[in-house]
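Here is the structure we will look at.
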Amino acid sequence: MAKNDFLRNVWYYALPGGLLKRGAMVAKTLLGEPVVFARSREGKVFALRNICPHRAVPLSCGRFDGQEIECCYHGWRFDQTGRCTEIPALVEGDPLDLSRFQVKQYPVREVQGNIWIYMTSNERNAPQEPNMEVPVVPFFGDKSYQMVVTLHFPCYVDHAIIGLMDPAHLPYVHRSWWWKSGRSQFEEVKAFDPSPYGFTMRRHQIPNVALGYRLIGGGAPETEISFRLPGVRIEHVSTAHHNVCNLTAVTPISETETEVTTLLYWTTPWITAIKPLIRPFVRAFLDQDRQVVIKQQEGLKYDPTLLLIRDADTQARWYYQLKAEFARATAEERPFNNPVKTQVLRWRS
Numbered sequence: 002m003a004k005n006d007f008l009r010n011v012w013y014y015a016l017p018g019g020l021l022k023r024g025a026m027v028a029k030t031l032l033g034e035p036v037v038f039a040r041s042r043e044g045k046v047f048a049l050r051n052i053c054p055h056r057a058v059p060l061s062c063g064r065f066d067g068q069e070i071e072c073c074y075h076g077w078r079f080d081q082t083g084r085c086t087e088i089p090a091l092v093e094g095d096p097l098d099l100s101r102f103q104v105k106q107y108p109v110r111e112v113q114g115n116i117w118i119y120m121t122s123n124e125r126n127a128p129q130e131p132n133m134e135v136p137v138v139p140f141f142g143d144k145s146y147q148m149v150v151t152l153h154f155p156c157y158v159d160h161a162i163i164g165l166m167d168p169a170h171l172p173y174v175h176r177s178w179w180w181k182s183g184r185s186q187f188e189e190v191k192a193f194d195p196s197p198y199g200f201t202m203r204r205h206q207i208p209n210v211a212l213g214y215r216l217i218g219g220g221a222p223e224t225e226i227s228f229r230l231p232g233v234r235i236e237h238v239s240t241a242h243h244n245v246c247n248l249t250a251v252t253p254i255s256e257t258e259t260e261v262t263t264l265l266y267w268t269t270p271w272i273t274a275i276k277p278l279i280r281p282f283v284r285a286f287l288d289q290d291r292q293v294v295i296k297q298q299e300g301l302k303y304d305p306t307l308l309l310i311r312d313a314d315t316q317a318r319w320y321y322q323l324k325a326e327f328a329r330a331t332a333e334e335r336p337f338n339n340p341v342k343t344q345v346l347r348w349r350s
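As structure tokens, then:
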């Protein structure tokens, strides 16, 4: 798979639903494609290719009345499916068929406060009912997130994802008094199983509990961590009385820029009370990953061969295998066959 071949026909995280108000538009670039998201007066979210087919002006530069988008250049109007409904320059009785002018529409879903977009390989309209389900965090039903932090990583998407699942970097990258000091390491033994479009680390009790986990309260915390394509990591931490879920989604913007969004859900009342104090620590933790990726770009300029070891890098190997199999299955129009097998991995961290 070439470097710039992003996975297609899969759900990508687009943006937190709270950023898109009724009657408003938000323009984004995803996988190198310009997309405009809008929310109707009734609260329905839709997404169109952010280019007017007349003179290529971004539709997001125009006006949105809560139902249709009007281009700022010549007033062409488009409904929520991308169908052209009006061309003001036409005289009465002009036989021009407006259905010839269609803007690409993307399937979108809003689940648990998150807006997801289905990025198809089709240059025209995408299928309206994708077979793949949108990722959801367990336990929280249809509740929305309680905290969101988004950072831009100046790298190709693969490097952001590999950093996300890398278990051996913690004592070196995340050296903080409130997380890990880096002074001691322990052997980790974890069992993994295949799961839809990815793999899951089996639920287990968290050893050597960091301060961040102690805030949950309610007894010894246990965790289960899953990863699925194209780049979604969900960690569910639970104690006898409380639940905390962390959804981190990695979305490519271009070949050299990636967006990493972390959303937190919890049932612990005192976390809500101190949320303004926690947010800077969450951002600082994520920025530690970002800073090391920035350093990594210096070496990647020389296109070196990257060496992977067992078992600490097995999750990285699985990611590349999953990505390659998904691309093959899509090209061959056949079901996806998960290459991950149940395995116990050991490493020091």
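Numbering-wise (this note's numbering), the sequence shown opens with residue 2 and increments by one.
Each residue gets a CB set at the ideal place from its N, CA and C atoms; glycine is no exception.
Out of curiosity, what's the CA-to-CA distance linking N244 and C53?
On the sequence shown, residue 244 is found 243 positions in, with the first residue counted as 1. On the sequence shown, residue 53 is found 52 positions in, with the first residue counted as 1. If you take the alpha carbons of N244 and C53, they lie about 46 angstroms apart.
Is I207 helix, strand or coil by DSSP?
One-based indexing of the sequence shown puts residue 207 at position 206. I207: coil per DSSP, three-state reduction.
From the DSSP output, read off the bridge partner residues of N247.
For the purposes of this step, residue 247 is taken as residue 246 along the sequence shown, with counting starting at 1. Paired residue(s): E236 and L265.
Kindly indicate the opening and closing residues of the alpha helix (DSSP H) around V331.
Translated into the one-based positions of the sequence shown, residue 331 becomes position 330. First, the residue type needs correcting, since residue 331 is Thr and not Val in the sequence shown. Segment T315 to A332, the alpha helix (DSSP H) holding T331.
Three-state class that DSSP yields for A3 in the structure shown
Here residue 3 refers to the residue found at position 2 of the sequence shown. With a pLDDT of 42 at A3, under the threshold of 50, the predicted position of this residue should be treated as unreliable, though the coordinate-derived value follows. Of the three classes helix, strand and coil, the one that applies to A3 here is coil, per DSSP.
Please report the distance separating the alpha-carbon of H205 from that of N115.
Here residue 205 refers to the residue found at position 204 of the sequence shown. Here residue 115 refers to the residue found at position 114 of the sequence shown. Their backbone Cα atoms lie some 28 angstroms apart in a straight line.
Q289 versus V92 - alpha carbon distance
Position 288 of the sequence shown holds residue 289. Position 91 of the sequence shown holds residue 92. Going from the Cα of Q289 to the Cα of V92 covers about 60 angstroms.
Check whether the segment 274 to 294 touches the segment 151 to 166, counting contact only when three or more Cβ pairs, one atom from each stretch, lie closer than 8 angstroms.
yes
Beta-carbon contacts of T315 that lie in its chain and below 6 angstroms, excluding the five residues immediately before and after
Working through the sequence shown from its first residue, we reach residue 315 at position 314. So the list reads L346, once near-sequence residues are dropped.
Would P168 and A39 qualify as a contact pair, given that the criterion is a beta-carbon distance under 8 angstroms?
Locating residue 168 in the sequence shown gives position 167, counting from the first residue. Locating residue 39 in the sequence shown gives position 38, counting from the first residue. Result no, Cβ atoms of P168 and A39 do not sit closer than 8 angstroms.
I need the DSSP call for D80, collapsed to helix, strand or coil.
Indexing the sequence shown from 1 puts residue 80 at position 79. Looking at D80 - three-state DSSP - the assignment turns out to be coil, as it is neither helix nor strand.
On the DSSP bridge assignment, give the partners of N115 in chain order.
By one-based count along the sequence shown, residue 115 stands at place 114. According to DSSP, which records beta bridges pairwise, N115 is partnered with P17 and V112.
Using only the alpha-carbon positions, how far apart do R203 and T30 sit?
In the sequence shown, the residue the question calls residue 203 occupies position 202. In the sequence shown, the residue the question calls residue 30 occupies position 29. Taking the straight line joining both Cα atoms gives about 35 angstroms.
Helix, strand or coil: which one does DSSP assign to Y107?
Position 106 of the sequence shown, counting from 1, holds the residue named residue 107. Here Y107 sits in strand by DSSP.
CA-to-CA distance, R42 to R229, given in whole angstroms
The sequence position of residue 229 within the sequence shown is 228, counting from 1. The sequence position of residue 42 within the sequence shown is 41, counting from 1. Distance between the alpha carbons of R229 and R42: 34 angstroms.
Residues bridged to L49 [DSSP beta-bridge criterion]:
Numbered from its first residue, the sequence shown carries residue 49 at position 48. Looking at the DSSP assignment, L49 forms a beta bridge with V37 and Q106.
Outcome for W271 when other beta-carbon atoms lying within 10 angstroms are tallied against a minimum of 16
Start at 1 with the first residue of the sequence shown, and residue 271 comes out as number 270. Classification for W271: exposed.
In chain order, what residues of the same chain lie with their CB nearer than 8 angstroms to the CB of G24, ignoring the 5 residues before and after it?
Walking along the sequence shown from the start, residue 24 turns up at place 23. The residues are R40, S41, R42, F65, D66 and G67.
Might you give, ordered along the chain, the residues of its own chain that have their beta carbon closer than 7 angstroms to the beta carbon of R318, omitting 5 neighbours on each side?
By one-based count along the sequence shown, residue 318 stands at place 317. Around R318: L309.
Spatial distance of E69 from G83 (CA atoms)
Position 68 of the sequence shown, counted from the first residue, corresponds to residue 69. Position 82 of the sequence shown, counted from the first residue, corresponds to residue 83. Spanning the two alpha carbons is a distance of roughly 9 angstroms.
Inspect the beta-carbon positions of I118 and V109 and report whether they are closer than 8 angstroms.
Counting from 1 along the sequence shown, the entry for residue 118 is found at position 117. Counting from 1 along the sequence shown, the entry for residue 109 is found at position 108. Yes.
Quick one, which of C73, V11 and K302 has its alpha-carbon nearest N123's?
Residue mapping note: residue 123 aligns to position 122 of the sequence shown, counting from 1. Here the closest residue by C-alpha is V11.
Out of E326, Q81, Y320 and H55, state which residue places its alpha-carbon closest to the alpha-carbon of T201.
Walking along the sequence shown from the start, residue 201 turns up at place 200. Among E326, Q81, Y320 and H55, the Cα nearest to that of T201 belongs to Y320.
Nearest-angstrom Cα distance between E258 and C62?
Residue 258 sits at position 257 when you count from the first residue of the sequence shown. Residue 62 sits at position 61 when you count from the first residue of the sequence shown. So the alpha carbons of these two residues sit roughly 23 angstroms apart.
Below 8 angstroms between beta carbons: does that hold for Y74 and A250?
Stepping through the sequence shown from its first residue, residue 74 is reached at position 73. Stepping through the sequence shown from its first residue, residue 250 is reached at position 249. Contact: no.
Which partner residues of M26 appear in the DSSP bridge assignment?
Reading the sequence shown from its first residue, position 25 is the one you call residue 26. The partner list for M26 (beta bridge, DSSP) reads A39.
Would you kindly work out how many angstroms separate the C-alpha atoms of I88 and D80, rounded to a whole number?
On the sequence shown, position 87 is the one that residue 88 refers to. On the sequence shown, position 79 is the one that residue 80 refers to. Between I88 and D80, the C-alpha separation is close to 13 angstroms.
Distance, Cα to Cα, T331 vs S255?
For the purposes of this step, residue 331 is taken as the residue at position 330 of the sequence shown. For the purposes of this step, residue 255 is taken as the residue at position 254 of the sequence shown. If I take the Cα positions, the gap works out to 22 angstroms.
Determine the burial state of I163: buried for a count of at least 16 other Cβ atoms within 10 Å of its Cβ, exposed for fewer.
Here residue 163 refers to the residue found at position 162 when the sequence shown is read from its first residue. Under this definition I163 is a buried residue.
Rank M120, R311, R280 and V174 by C-alpha distance to the C-alpha of P131 and give the top, closest one.
Translated into the one-based positions of the sequence shown, residue 131 becomes position 130. If we check each option's Cα against that of P131, M120 comes out closest.
Note the first and the last residue of the continuous beta strand (DSSP E) segment covering F286.
Within the sequence shown, numbered from 1, the residue matching residue 286 stands at position 285. From DSSP, F286 is part of no beta strand (DSSP E) but of the alpha helix (DSSP H) over K276 to L301.
Does the beta-carbon distance from C246 to F102 come in below 8 angstroms?
By one-based count along the sequence shown, residue 246 stands at place 245. By one-based count along the sequence shown, residue 102 stands at place 101. Going by C-beta atoms, C246 is not nearer than 8 angstroms to F102.
Rounded to whole angstroms, what is the Cα-Cα separation between R335 and P231?
Sequence index remark: in the sequence shown, residue 335 carries index 334 (1-based). Sequence index remark: in the sequence shown, residue 231 carries index 230 (1-based). Near 18 angstroms, if we compare the C-alpha coordinates of P231 and R335.
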